[in-house]
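J.: Here it is, the structure, as structure tokens.
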Amino acid sequence: MFNSANYVRTQGDLTLAYAGSGGRFRPLGGKHFFLFFGEYRGDSMPITGRDLQAPLGYPSYEGYPLRASVIAQNPDPNAQYLEVGTGMGEFIYHLVVSQKCIHRPIIIDPIDYNLLALLLEEINHFVDNDNHKIELEQLNKRVRLYQQQNLVDHRKITLLQAVEHQDLQGSMDVVVDNYGPSYWDKWSNPSPLELEGRLLKPDGQLIFNEGAPKEKI
Ligand SMILES: C[S@@+](CC[C@H](N)C(=O)[O-])C[C@H]1O[C@@H](n2cnc3c(N)ncnc32)[C@H](O)[C@@H]1O
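Here this note's numbering is used: position 211 in the sequence shown is 251, and no number is missing along the way.
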């Protein structure tokens with residue numbers, strides 16, 4: 041599956057693929073770098089790093105839903121934000137750098153950001169395209185921030201495990217899921233959207249990518 045990528049590197053259960061300029065690999069989530077996470081229902085789960093807004097030339101559903109972008113630009117300082125399946129996405133990064141939030145944003149994602157940081161560091165030497173270098177630096181910045189528990193509360197667990205945590209139940213003002221389990225596990229029962237609803241306060245908002253294509257991307 042990785043034959044057409046320019047560069048592939050595996051560590052633990054993570055595989056980093058770089059589509060490069062000559063590769064036939066289609067950039068995923070608007071980026072030429074993406075990772076695959078172990079085995080996932082006979083396939084592998086891509087870990088992408090979407091920007092709040094899709095890059096030029098990409099359909100808008102390749103970014104975050106508009107409501108999430110608006111919140112990230114101007115968060116409510118008192119709100120508790122949580123993202124399920126953050127990967128290397130920009131939403132939580134934006135909340136943190138705004139320095140407006142009193143409560144640390146919470147990430148629910150079983151990935152290991154330390155391993156991810158190592159892989160991104162290694163690939164740096166193989167990238168010669170200036171635009172790709174900029175992309176890689178953006179991803180590096182996000183991953184380095186997501187490693188810092190004093191800035192984000194990363195729980196290395198799945199959504200199913202998260203709903204068992206009492207401190208998470210019914211306590212979120214906003215839950216975002218952009219191509220996380222709402223996309224990958226949509227047929228499971230209970231559905232990810234139902235599980236995510238259990239994390240919300242009664243007047244909380246659930247934001248997911250309603251425009252996402254039906255086919256896996
Ligand atoms: C395709 S990436 C999306 C990343 C980012 N939100 C974006 O928009 O680019 C999917 C992410 O969801 C995570 N994920 C998949 N299933 C999950 C689950 N059941 N609970 C929590 N995270 C999950 C994966 O580890 C991965 O980081």
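Quick reminder that beta carbons are idealized off the backbone N, C-alpha and C, glycines included.
With a threshold of 16 other CB atoms inside 10 Å of the CB of Ser228, please say whether the residue is buried or exposed.
T.: Counting from one through the sequence shown, the residue named residue 228 turns up at place 188. Result: exposed.
J.: For the alpha helix (DSSP H) holding Val48, just list the boundary residues, first then last.
T.: On the sequence shown, residue 48 is found 8 positions in, with the first residue counted as 1. Careful: Val48 lies outside any alpha helix (DSSP H), inside the beta strand (DSSP E) at Tyr47 to Gln51.
J.: Does Pro232 come out as helix, strand or coil in the three-state DSSP assignment?
T.: Here residue 232 refers to the residue found at position 192 of the sequence shown. In this structure, Pro232 counts as helix in the three-state DSSP scheme.
J.: Would you mind reading off the limits of the alpha helix (DSSP H) that contains Lys241?
T.: What you label residue 241 is simply residue 201 of the sequence shown in a count that begins at 1. Per DSSP, Lys241 belongs to no alpha helix (DSSP H); it is in the beta strand (DSSP E), Leu240 to Phe248.
J.: Is Asn218 near ligand 1 - that is, is its Cβ less than 7 Å away from at least one heavy atom of it?
T.: Taking the sequence shown and counting its residues from 1, the one referred to as residue 218 is at position 178. Flag set: Cβ of Asn218 near ligand 1.
J.: Name the two residues that bound the continuous alpha helix (DSSP H) containing Leu96.
T.: The residue you call residue 96 lines up with position 56 of the sequence shown. First-last for Leu96: undefined, no H or E at that position.
J.: Could you check the C-alpha separation between Gly125 and Ala202 for me, to the nearest Å?
T.: Locating residue 125 in the sequence shown gives position 85, where the first residue counts as 1. Locating residue 202 in the sequence shown gives position 162, where the first residue counts as 1. Each residue's Cα considered, the two are about 12 Å apart.
J.: Thinking just about the alpha-carbon of each residue, which of Met212, Arg195 and Thr55 is nearest to the one in Gln245?
T.: For the purposes of this step, residue 245 is taken as the residue at position 205 of the sequence shown. For the residues Met212, Arg195 and Thr55, the minimum Cα distance to Gln245 belongs to Met212.
J.: Buried or exposed: where does Asp243 fall if 16 or more other Cβ atoms within 10 Å of its Cβ makes it buried?
T.: Translated into the one-based positions of the sequence shown, residue 243 becomes position 203. Exposed: under 16 other Cβ atoms inside 10 Å.
J.: Can you tell me where the beta strand (DSSP E) with Tyr58 in it begins and where it stops?
T.: The count along the sequence shown starts at 1 and reaches residue 58 at position 18. Segment Leu54 to Tyr58, the beta strand (DSSP E) holding Tyr58.
J.: For Leu160, which of Leu199, Leu68, Gly251 and Phe74 has the nearest alpha-carbon?
T.: Position 120 of the sequence shown holds residue 160. Out of Leu199, Leu68, Gly251 and Phe74, Phe74 has the C-alpha closest to the C-alpha of Leu160.
J.: Under three-state DSSP, which class holds Val124?
T.: Indexing the sequence shown from 1 puts residue 124 at position 84. If DSSP states are grouped into helix, strand and coil, Val124 belongs with the strands.
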